[in-house]
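Protein chains in written order, with my numbering: chain F, 14 to 356; chain D, 14 to 356; chain W, 14 to 356; chain V, 14 to 356.
Ideal Cβ placement from N, Cα and C applies to all residues, glycine included.
Here the structure is a predicted model, which means the values were calculated and not measured.
Below is one structure, written out as C-alpha cells; the observations come after it.
There are 4 protein chains.
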Amino acid sequence: MIQVAVIGAGYWGPNLIRNFNQIPDARVAYVCDLDASKLTTLAAQYPTLVATSDYVRILDDSQVDAVVIATPVSTHRALALDALRAGKHVLVEKPLAATAQAAREMNAAARAAQRVLMVGHTFIYNPAVVKVKEYIERGALGEIYYIDSARVNLGLHQFDINVIWDLAPHDISMILYWLGRRPLRVSARGNSYTQTDIEDVAFITLEFADKIMAHIHVSWMSPAKLRRTTIVGSKQMAVYDDLEVAEKVKLYDMGVEQLALNADTRAELRRTYRVGDVISPRLDVAEPLRVECKHFIDCIVEGKTPLTDGDAGLAVVRILEAATRSLREGGRTIELEKDSALL
Amino acid sequence: MIQVAVIGAGYWGPNLIRNFNQIPDARVAYVCDLDASKLTTLAAQYPTLVATSDYVRILDDSQVDAVVIATPVSTHRALALDALRAGKHVLVEKPLAATAQAAREMNAAARAAQRVLMVGHTFIYNPAVVKVKEYIERGALGEIYYIDSARVNLGLHQFDINVIWDLAPHDISMILYWLGRRPLRVSARGNSYTQTDIEDVAFITLEFADKIMAHIHVSWMSPAKLRRTTIVGSKQMAVYDDLEVAEKVKLYDMGVEQLALNADTRAELRRTYRVGDVISPRLDVAEPLRVECKHFIDCIVEGKTPLTDGDAGLAVVRILEAATRSLREGGRTIELEKDSALL
Amino acid sequence: MIQVAVIGAGYWGPNLIRNFNQIPDARVAYVCDLDASKLTTLAAQYPTLVATSDYVRILDDSQVDAVVIATPVSTHRALALDALRAGKHVLVEKPLAATAQAAREMNAAARAAQRVLMVGHTFIYNPAVVKVKEYIERGALGEIYYIDSARVNLGLHQFDINVIWDLAPHDISMILYWLGRRPLRVSARGNSYTQTDIEDVAFITLEFADKIMAHIHVSWMSPAKLRRTTIVGSKQMAVYDDLEVAEKVKLYDMGVEQLALNADTRAELRRTYRVGDVISPRLDVAEPLRVECKHFIDCIVEGKTPLTDGDAGLAVVRILEAATRSLREGGRTIELEKDSALL
Amino acid sequence: MIQVAVIGAGYWGPNLIRNFNQIPDARVAYVCDLDASKLTTLAAQYPTLVATSDYVRILDDSQVDAVVIATPVSTHRALALDALRAGKHVLVEKPLAATAQAAREMNAAARAAQRVLMVGHTFIYNPAVVKVKEYIERGALGEIYYIDSARVNLGLHQFDINVIWDLAPHDISMILYWLGRRPLRVSARGNSYTQTDIEDVAFITLEFADKIMAHIHVSWMSPAKLRRTTIVGSKQMAVYDDLEVAEKVKLYDMGVEQLALNADTRAELRRTYRVGDVISPRLDVAEPLRVECKHFIDCIVEGKTPLTDGDAGLAVVRILEAATRSLREGGRTIELEKDSALL
C-alpha cells in the first residue's frame with residue numbers, strides 16, 4: 014500500500030484525493046494546505062485523512078511514500094526539491110515548474126534521490142488522445158503536416174500566471190506526445206487586456222523539423238468554450254473535440270496526397286463539404302486522472318519511468334518560457350536550441 | 014437600364030450573371046471567356062446574352078455601362094484599367110489586384126475616368142456581418158479587444174495564388190469594416206505542403222492601435238469546414254458562425270469588464286460553461302451577392318461611392334501582400350506604414 | 014428531345030423548369046399557371062418558354078411529350094387524367110392525389126393510355142436515402158425493428174391540406190421504399206390549433222407485419238426545424254439527419270442483438286454515450302430533384318416503370334387518408350386491408 | 014441534524030449518500046443493501062457510515078429521522094409503508110410505486126403517520142426545468158398548445174420494468190409540473206424487441222382539457238441519445254435540450270398567433286430557418302439532486318409539503334399504468350377519470 018500525501022487542497026486537490034483513494038494499492042494519508050477551511054471540509058469527507066498546514070510534518074513521516082503537489086506553480090520547485098530530498102516520490106501538477114531552470118533542478122534532484130518524478134499532463138492519459146496517438150503510430154495519418162489547437166473559454170483567469178502557462182501545457186504536452194519530437198522554434202503573439210502583465214489571449218506557433226508546424230490558440234476571454242485540435246496528415250486527418258460528448262475523435266479518410274492528385278475530387282469539393290468516409294471510433298471509458306494516478310503508483314511499485322516524467326515536464330516548460338518571451342518581444346522567433354538563456 | 018458585361022465565366026461568373034439579371038435596373042448583355050464550352054452553356058441558358066471571347070468588343074460597345082471582372086487575380090489590373098479607360102464602371106472580384114501597386118493604379122484610373130470602381134467583398138453585404146457592425150456601432154460590445162477568425166476547409170486549392178490570397182480577403186475585409194481602421198503591423202506564419210511555393214496553411218496576425226488585435230487562420234487542408242469569427246469586447250462578445258443554419262450570430266451578454274470585476278462570476282465560471290444570456294438575433298433574409306450587385310448598380314445610377322470601393326480593395330491587398338511577405342520571411346513583423354516597399 | 018410542359022408555377026414549379034432544362038434529353042416548352050405575374054417572371058428568365066394560362070393548349074400540342082403537374086393537390090386528378098388521355102406522360106408532385114380513389118383512377122388511366130405515370134417522391138432520389146436503402150439491402154442493419162422520423166418546423170402552413178398531407182408523404186415514401194412492404198395498420202393523433210379543421214400537428218404510427226413499427230411526427234408549429242430519421246435494426250442502426258451539412262447519414266455499428274447479449278456492454282453504456290464505432294459514409298453529390306427529373310425522362314425514353322410509379326403514389330395516399338381519418342376519430346386504429354372505405 | 018438512512022446501494026444510492034452528506038443539516042447514518050460488496054465499498058469511502066443488510070435495524074433506530082428508498086420499484090410499497098409506520102420521513106426514488114393502488118396506500122400511510130412522503134422526481138429540481146416553468150407562469154409562452162418530448166438512448170434496459178416505467182416518469186413529472194394539470198386521456202403504442210413482455214420502445218400521448226396535448230417518445234434502442242423537449246405556446250415557444258452543455262434552454266420569440274396572422278412572416282419562413290430572436294437564458298448552477306435532497310430535509314425540518322409529494326408521485330404512476338395498459342391493448346385510449354380500474 015503506497016501512502017500518499019497531497020499538498021494543495023484548492024480546485025484540483027480534492028480530485029486527486031478522490032482518485033488516489035479509489036486505487037487499490039494507494040491510500041491518501043495526508044492533505045496539506047494553508048487554508049484551514051479547506052482542510053476542515055476534506056477532513057469531514059475523509060475521516061481517516063490527516064489534515065495539516067505543515068508540510069514538513071509530511072516529509073518527516075517515513076510512512077509517506079509519495080507526495081503530490083497541487084499548489085501554485087511558483088511553489089512547485091521548492092516543495093518538490095524538499096520532498097525528493099526527503100526520499101519521497103513526487104507527482105507535480107502541470108506545469109512542472111515556473112522556469113526551465115527550476116525544472117532542471119527538480120530532474121537532477123529526482124535522479125540523485127532515485128525517486129520517481131512525474132508531471133500531471135493529464136491529457137496524455139485521456140483515451141481520445143491515446144487513440145490519436147495510435148492512429149499516428151500505425152501510420153494511418155501518413156506524414157504529419159500540421160496540428161492546430163484551440164483552447165479558449167471565458168474567465169478562468171489566473172492572477173499569478175498568464176494564459177499560456179495556464180492552458181497551453183495541455184496542448185503542448187499532447188503535441189509533443191503525438192509527434193514524438195521537440196520543436197526547433199517557438200513564437201507567440203498576444204495581449205493582456207484585463208490585468209497588467211498577465212496575458213489573457215495568445216497565439217503560439219511551434220516549428221519542428223521537416224516543415225511540421227503546430228499552432229495553439231489559448232484565451233480566457235472567448236465567449237464560447239472550444240477544446241478542438243485538428244491533426245493534418247498526408248494520408249488521413251483527425252479532429253479531437255473534447256466538448257463532443259459522443260464523438261470526441263473523428264478520422265477523415267481523405268488526405269492531402271489524394272487531394273493533390275485527384276482532379277475529380279477537387280471538383281467534387283467545390284460542391285460538397287467533404288469527401289471520404291468519416292469514422293468516429295469507440296473510445297475506452299476511463300477518467301484520465303484515474304489513469305494518471307494509477308500510472309504514478311505503478312511507476313513507484315514497479316520502478317518504471319513515467320510516460321510524463323520530469324523530462325517531459327521540462328520540455329513543456331521550455332516551450333512555455335520561450336512562448337512568453339516571444340510574445341513580450343513582439344512575436345520574435347525563439348530558436349530553442351540556440352538560445353543560451355533557454356539551455 | 015444599366016447594361017452589364019461579365020468577364021470570366023468560371024465558378025463565380027454564372028452567379029454574377031444570375032444576380033444582375035434579377036435586378037430590375039440591370040441587364041447582362043455580354044459574357045466573355047476564353048473557354049468556349051462555358052460560353053455555350055451560358056448562351057443556352059440566357060438566349061439574349063452575347064457570348065464572346067473578345068473583351069475588346071465589349072469595351073467598344075458604347076451601350077455597355079459596366080464591366081464585371083471575375084477572372085484570375087493576375088489579370089484584374091489590365092482588364093480593369095482598359096475598362097475604366099473605355100469609360101466603363103468596374104466591379105472587380107476580390108482580391109482587387111495582385112499587388113498594392115496595381116490596386117493603386119486602378120484607383121487612379123477610376124478617379125481620372127470619374128467612374129465607379131468597386132471590389133466584390135461580398136461579406137460586407139451579408140446580413141450577419143451587418144448585424145455585428147450594428148452591435149459595434151451602437152456600443153453593444155464596448156471597446157473591441159480582439160477578433161479571431163477561422164476559415165478552413167478541404168481542398169479548394171488554387172494554382173496561381175496562395176491560401177492567404179484565396180481565403181483571407183473575406184476575413185480582412187470584415188475586420189476592417191467592423192473596426193473602421195487599418196492595422197499598423199502584419200505578420201504571418203504558414204507552409205506549403207502540397208505545392209511548391211503555394212502556401213496552403215497560414216496564421217495571420219493584424220495589430221491595430223490601442224492594443225486591438227486580429228488573428229486569422231486560413232487553410233485548404235482542414236478536414237472539417239470552419240467559418241467562425243469571434244469578436245471580443247469589453248462589454249459583450251459576439252460569434253459569427255457562417256455554417257450555422259439557424260443561429261449565425263450570437264451575442265453573449267457578458268464582457269471582460271464584468272468578468273474582471275466580479276468574483277462570484279469567476280467562481281461560477283469554474284462550474285459552468287458560460288454566464289449571462291445568449292441572444293441569437295433575427296437576421297434579414299438576403300443573398301449577399303444580390304445586395305452587392307444591387308449596390309454596384311445603385312452607385313452607378315446615383316453617383317455614389319461604393320461601401321467597398323477601390324480604397325477598401327487596396328487596404329485588403331496591402332495586408333495580403335504584407336502577410337505573404339511576413340510568412341516567407343519566417344513570421345517577421347511588417348510595419349505597414351513604415352515599409353517603403355508597401356507604400 | 015423530350016418536350017416537357019410544367020403546369021403550376023408556384024414554389025416548386027421554377028425548380029422543375031430549371032432541372033428539366035439542365036437534362037440534355039429534355040426541354041421545357043411550356044409553363045402554365047393562372048397567375049400572370051408568375052408567368053411574366055419565368056418568361057423573362059427563359060425566353061424560349063411559352064407561358065400560358067390555358068392548359069388545354071398544352072394538351073393539344075402534339076409536340077409535347079410529357080406534362081409535369083405542380084399544382085394544389087385537389088387539382089391533380091383532373092389534370093393528370095386529361096393529360097394521360099391526351100397521350101402525355103405525366104409526373105405529378107407528391108402527394109399523387111387527394112384521395113386513394115382518385116389515385117386509382119389515375120393509375121387506371123395511365124395503364125389504359127400506356128403512358129408513364131410517376132409521382133414526385135423526391136426523397137427516393139436523395140443519395141442519403143439511397144445509402145440507407147443499400148445498408149438495409151445488404152443486411153448491414155440486420156432485421157429492421159422500428160423507424161422513427163421527425164419532420165417539424167415553423168409555419169409553412171397550407172390552407173387546403175393538413176400537416177399530414179403536406180409533410181408526411183416524404184417520410185411515408187422513404188419508409189415504404191426502405192422496408193419494401195406496406196403497413197397493416199395506421200393510427201394518428203394530433204390537433205388543429207391555428208386553423209379550423211386543418212391539423213397542424215400530428216403523430217402517426219404505422220404497424221407492419223413481424224412487429225415492425227414506424228412513427229412519424231409532423232408539425233408546422235415547432236420552433237426549431239428537425240428532419241431526422243432513425244432506423245433501428247437487430248445488427249446496426251442508422252440515423253439520417255437531413256439538416257446535417259457534412260454528416261447526413263451515420264451508421265452505428267452496434268445492434269440490439271449485441272446489447273441484449275453482452276453484460277459488459279450494458280455496464281459500459283451506463284458510463285458513456287455510446288459503444289461501437291460510428292461511420293458517416295461519403296455520399297454522392299447529386300440534387301435529388303435532378304435525379305428524379307432525369308429518371309422521368311429515362312422512363313419515357315426507355316419505356317421503363319418509374320421507381321416511384323403510380324402504385325407507389327397510391328400506397329402513400331392510402332396511408333395519408335387512413336392517418337387523417339384515425340386522427341379525426343381520436344386515434345382509432347385503421348386496418349388498411351380490412352377497411353372497405355380504403356379499398 | 015437530520016439522520017438519514019439510504020436503502021439501496023445500486024446505481025443511484027451512492028449519489029444520494031454523497032448529496033445528503035453535503036447538506037449541513039443532514040448526515041447519512043446508514044446504508045442498507047443485500048449486496049455485501051456494495052456495502053464494503055461504501056463503508057470504505059464513508060468510515061462513519063453504518064452498512065447493514067437488515068433494514069429492520071434501521072427502522073428500530075430511533076435516531077434515524079428519514080429513510081431514502083432507492084431499490085427496485087416493486088419493493089417501494091412495502092419498504093415505504095414499514096418506514097412510515099415506524100415514524101420515519103420517506104423519500105422514494107421515482108416512480109413512487111409499481112401500481113397506483115400501492116401509491117394510494119403509501120399516501121394514506123404518510124397522512125396517518127403525519128410524516129413527509131416525497132418522490133424523487135429529480136427534474137423538477139433542475140434549473141432548466143424551473144426556467145421553463147417561470148416562462149409559463151409569467152405568460153411568456155401564452156397559451157400552451159402542445160409539448161413534445163424525446164428521451165431515447167442505447168441499452169439501459171431494465172429487467173423488471175418496461176421503458177415507460179424506466180424513462181417516462183421524467184417527462185411526465187415535468188409536463189404535469191409545467192401545465193399544473195392532469196391529463197384526461199392516455200394512450201401509447203410500442204413494442205418489445207429484445208425481451209419478452211418488457212417493452213423497449215414506446216410512444217405515449219397525453220390529452221388534457223382545452224386541446225392541450227403532450228407526446229413522449231421513450232426508447233432503450235436508439236443509437237444516438239436524445240433528451241429534448243419542445244413546448245409550443247401561442248405567444249412564444251421553448252426548447253429544453255438536456256444534452257446541450259451551454260444552451261440547455263432556448264426561448265423563440267415567435268408564437269403561433271404571429272405566424273397565423275402575418276403573411277410576410279409566412280413568406281419569409283419559406284426562405285429561412287426561423288424568424289424572431291432566440292434567447293438562451295443564463296441558468297442557475299445547481300445539481301438537481303442536491304436541490305432535491307435539500308428540499309426533503311427542509312420539508313422535514315419546517316413541516317412543509319414537498320413540491321413532489323406523494324400525490325405528485327401517484328399522478329405519474331397512474332399515467333404510467335394507463336400508458337402500459339394502452340400499449341398492450343393496441344393503443345386504445347384510456348380515459349383516466351372514467352376507468353374504474355384506475356380509480
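Which class does MET250 (chain W) belong to by DSSP, given the choice of helix, strand or coil?
-> Strand.
Do you know how far the Cα of LEU333 (chain W) is from the Cα of ASN166 (chain W)?
-> Distance between the alpha carbons of ASN166 (chain W) and LEU333 (chain W) is about 19 Å.
Enumerated in chain order, which unbroken segments of the beta strand (DSSP E) with a length of 3 residues or greater are wholly contained in the segment 122-182 of chain F?
-> Those beta strand (DSSP E) runs which fall completely within the segment 122-182 of chain F and span 3+ residues are 130-133 and 157-167.
At which residue ranges does the segment 58-120 of chain W contain complete alpha helix (DSSP H) runs of 4 or more residues, listed in the order of the chain?
-> 68-73 and 89-98
Contacts around PRO294 (chain F), its chain only, beta-carbon distance under 8 Å, and the 5 residues preceding and following it disregarded = Correct list, in chain order: LYS144, VAL262 and LEU264.
Any idea which residues DSSP pairs SER200 (chain D) with across the strands?
-> D:THR218
Can VAL17 (chain V) and ALA56 (chain V) be called in contact, C-beta distance under 8 Å?
-> no
Which of helix, strand or coil does DSSP assign to VAL298 (chain V)?
-> coil
Can you give me, in chain order, the residues of the segment 137-154 of chain D that have a beta carbon less than 9 Å from any beta carbon in chain V?
-> none
Could you pull the start and end residues of the alpha helix (DSSP H) that VAL330 (chain V) belongs to?
-> First-last of the alpha helix (DSSP H) with VAL330 (chain V): 323-341.
Which class does ILE20 (chain D) belong to by DSSP, given the choice of helix, strand or coil?
-> strand
What is the rounded straight-line gap between the Cα of SER232 (chain F) and the Cα of ALA227 (chain D)?
-> 13 Å
Per DSSP, THR358 (chain V) forms a beta bridge with which residues?
-> This structure leaves residue 358 (chain V) out entirely; chain V is present only between 14 and 356.
Compute the Euclidean distance between the alpha carbons of ILE310 (chain D) and ARG31 (chain D), then round it to the nearest angstrom.
-> When rounded, the distance between both Cα atoms is 14 Å.
Listed from N- to C-terminal order along the chain, which residues in the segment 194-207 of chain F have their beta-carbon within a distance smaller than 7 Å of any beta-carbon of chain D?
-> SER200, ARG202, ASN204, TYR206 and THR207
Chain W contact residues for SER235 (chain V), given Cβ-Cβ distances below 8 Å = ASP161, THR243, VAL245 and MET250
Between V:ARG240, V:GLN127 and V:LEU92, which lies nearest to ASP161 (chain V) when the distance is taken from Cα to Cα?
-> Ranking the options by Cα distance to ASP161 (chain V), first place goes to V:ARG240.
So the alpha helix (DSSP H) ARG31 (chain D) belongs to, where does it begin and stop?
-> 26-34
Determine which residues share a DSSP beta bridge with VAL44 (chain W) and list them.
-> W:VAL19 and W:ALA64
Look at the Cβ atom of GLY323 (chain F), then the Cβ atom of VAL132 (chain F), and state whether they are nearer than 8 Å.
-> yes
Check whether the Cβ of PRO37 (chain V) lies closer than 8 Å to any Cβ atom in chain F.
-> No - not a single Cβ of chain F is within 8 Å of the one on PRO37 (chain V).
Mind pulling the chain V residues with CB within less than 9 Å of ALA335 (chain F)?
-> Ordered by position in chain V, no residue passes the 9 Å Cβ test against ALA335 (chain F), which lies about 34 Å from the chain.
Counting only beta-carbon atoms, is PRO294 (chain F) nearer than 8 Å to chain V?
-> No, PRO294 (chain F) lies away from the interface with chain V (no Cβ there is under 8 Å from its Cβ).
Give the straight-line distance between the Cα atoms of PHE33 (chain V) and HIS230 (chain V), rounded to the nearest whole angstrom.
-> 32 Å
On the three-state DSSP scale, how would you describe LEU356 (chain V)?
-> Any reading at LEU356 (chain V) must be qualified, since the residue scores a pLDDT of 45, below 50, and its modelled position is unreliable; the value itself is stated next. Three-state result, LEU356 (chain V): coil.
Report yes if the C-beta distance between ASP78 (chain V) and ILE15 (chain V) is below 8 Å; otherwise report no.
-> A contact, by the Cβ cut-off of 8 Å.
ARG164 (chain F) beta carbon less than 8 Å from that of HIS134 (chain F) = no
Kindly give me the distance between the Cβ atoms of VAL80 (chain W) and LYS101 (chain W), rounded to whole angstroms, as I take these residues to be in contact under 8 Å.
-> That belief holds up - the Cβ atoms of VAL80 (chain W) and LYS101 (chain W) are roughly 4 Å apart, short of 8 Å.
Would you mind giving the Cβ-Cβ distance between VAL103 (chain V) and LEU62 (chain V), rounded to the nearest angstrom? I have them listed as a contact below 8 Å.
-> In fact, because the Cβ distance is near 19 Å, the residues do not count as touching under 8 Å.
Determine the DSSP secondary structure at TYR206 (chain V), reduced to helix, strand or coil.
-> coil
Could you tell me whether the segment 82-102 of chain F touches the segment 335-344 of chain F, using the rule of 3 or more Cβ pairs below 8 Å?
-> no
Are there 16 or more other CB atoms within 10 angstroms of the CB of PHE421 (chain W), so buried, or fewer, so exposed?
-> Lying outside 14 to 356, the shown extent of chain W, residue 421 (chain W) is not represented and no answer is given.
Candidates D:GLY21, D:GLY246 and D:LEU349: which alpha carbon is nearest ARG195 (chain D)'s?
-> D:LEU349
Bridge partner(s) assigned by DSSP for GLY348 (chain D) | According to the sequence as given, residue 348 (chain D) is Glu; it is not Gly. DSSP lists D:ARG198 as partners of GLU348 (chain D).
Going along the chain, which residues of its own chain have a beta-carbon closer than 8 Å to the beta-carbon of VAL199 (chain V), five neighbours each way excluded?
-> ILE217, THR218, LEU219, GLU220, ILE332, ALA335, ALA336, SER339, THR346, ILE347 and LEU349
Residues sharing a beta bridge with SER293 (chain W), DSSP | Partner(s): F:VAL291.
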